[in-house]
Amino acid sequence: MINHVKIVATIFLILLAIQSCGQVWSNDGKKIAFFYLHEIEDIYTVNVDGSNFKVLEGHEARDFAPQWSNDNKHILFTSIRDGHHELYSFDKNGGNTKRLTNTEFDSEDGSFSSDGKQIVFSSNRSGNRELYIMSCDGQNVTQITNTSAEESTPRWSPDGKKILFRRSLSEQEPADLFTIDIESLEVQQLTQSSFSEFHQSWSPDGSMISYVRVIDDTFQVVIMSTDRKFSKVLISKKGYQAFYPCWSPSGAEIAFTRDIMSGTEEGLPALYKVDLQGNETMITSKNNFDSY
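Counting from 0, one number per residue, gives the positions in the sequence shown under numbering that gives the first Met the number 0.
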């Protein structure tokens with residue numbers, strides 16, 4: 000008999016291999032930067048009320064995983080414009096693009112430190128995916144994990160002391176969420192289940208995280224305290240995918256992307272926000288980028 004759970008898990012792992020953090024709130028709370036995995040795969044921004052929807056740069060290669068700089072002037076992202084995953088940045092309007100990593104290996108999923116001076120990212124330059132830290136100009140690269148597992152999608156904590164990341168035994172295995180202390184390099188496991196957790200983010204005060212979990216084909220957006228004493232499912236809608244939950248600077252809302260399981264239809268994928276009581280609001284349903 001075909002193992003349905005393994006089939007579903009494989010599909011999700013494939014999705015994770017081609018998708019990363021989909022949207023992130025600007026630090027002033029006014030805009031959301033995001034990407035859609037469709038005919039035009041670029042970085043977009045939109046005001047939190049759904050107005051001023053625009054594409055940044057519009058490069059023909061795949062751009063994804065946007066992260067705002069602390070001063071809201073620049074956006075860090077991953078691109079395959081040079082043949083494999085590398086980290087780049089441009090200004091908030093899509094100009095002055097700079098390449099920050101330049102190796103024959105993949106470097107992706109960058110996240111700024113709380114002081115804006117460093118970037119944490121994942122790379123397979125040592126053979127498997129590990130976590131690295133570099134200065135914002137791409138210099139002074141330091142490896143901070145060294146295991147036989149796959150570490151990916153690091154997210155720097157608001158206080159600058161820890162990094163939240165995914166770890167799996169292999170790219171084909173489900174992943175759990177962990178933190179690593181910057182000073183001691185001590186690792187703490189936050190989740191442990193047979194279901195893969197992904198698309199994690201910190202709350203603004205660092206006391207909570209959000210992430211996506213899939214149970215019985217149902218995508219859930221979950222929030223959990225970092226001491227693991229509290230958790231709550233905010234979104235659980237069978238037949239619809241939910242991706243990339245990301246906290247607002249106020250900590251009162253979380254933005255996420257929703258799509259349907261069997262493909263797309265008019266109005267989907269759509270960008271939503273949800274409050275901590277589970278009340279949803281659509282921000283934008285644009286998915287046709289012939290005009291911006």
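Even glycine gets a Cβ: it sits at the ideal position worked out from N, Cα and C.
These figures come from a predicted structure and were not determined experimentally.
* Asked: Which whole-angstrom value is the C-beta distance of residue 53 and residue 74, which I expect to be below 8 Å?
  -> Not a contact, Cβ separation roughly 12 Å.
* Asked: Using 8 Å as the Cβ pair cut-off and three pairs as the minimum, do the stretch 213-227 and the stretch 182-196 touch?
  -> yes
* Counted within 10 angstroms of its Cβ, other Cβ atoms place residue 207 as buried (16 or more) or exposed -> buried
* To do: Pull up the CB-CB distance for residue 153 and residue 110, whole angstroms please, since I reckon it's below 8 Å.
  => 6 Å
* Check the DSSP bridge columns for residue 138 and list the partner residues they point to. => Answer by DSSP bridge pairing: none, since residue 138 is not bridged.
* Asked: Ends of the beta strand (DSSP E) at residue 47?
  -> From DSSP, residue 47 is part of no beta strand (DSSP E); its letter is neither H nor E.
* Per-residue burial, residue 99 [other beta carbons within 10 Å of its own, 16 or more giving buried] -> buried
* **Beta-carbon gap between residue 85 and residue 62 smaller than 8 Å** => no
* Hey, how far is the Cα of residue 142 from the Cα of residue 46? -> 36 Å
* Asked: Who pairs with residue 32 in a beta bridge, going by DSSP?
  -> 23, 44
* Starting from residue 282, follow the beta strand (DSSP E) in both directions and report where the run begins and ends. => 279-283
* Asked: Do you know offhand how far residue 130's Cα is from residue 216's?
  -> 30 Å
* What are the boundary residues of the beta strand (DSSP E) that residue 198 is part of? -> 196-201
* residue 25: which of 175, 133, 246 sits nearest, CA to CA? -> 246
* To do: May I ask you to report which of helix, strand or coil DSSP gives residue 73?
  => strand
* Using 10 angstroms around the beta-carbon of residue 93, count the other beta-carbons present and answer buried if the total reaches 16, otherwise exposed. => buried
* For the putative contact between residue 255 and residue 244, defined by C-beta atoms under 8 Å, what is the C-beta separation to the nearest angstrom? -> 4 Å
* Range covered by the beta strand (DSSP E) that runs through residue 120 -> 117-122
* CB contact flag (residue 108, residue 83, <8 Å) -> no
* Within 10 angstroms of its Cβ, does residue 227 collect 16 or more other Cβ (buried), or is it exposed? -> exposed
* Asked: Which of the three DSSP states, helix, strand or coil, is assigned to residue 162?
  -> strand
* Start-to-end residues for the beta strand (DSSP E) that takes in residue 171 -> Unbroken run through residue 171: none, as it is neither H nor E.
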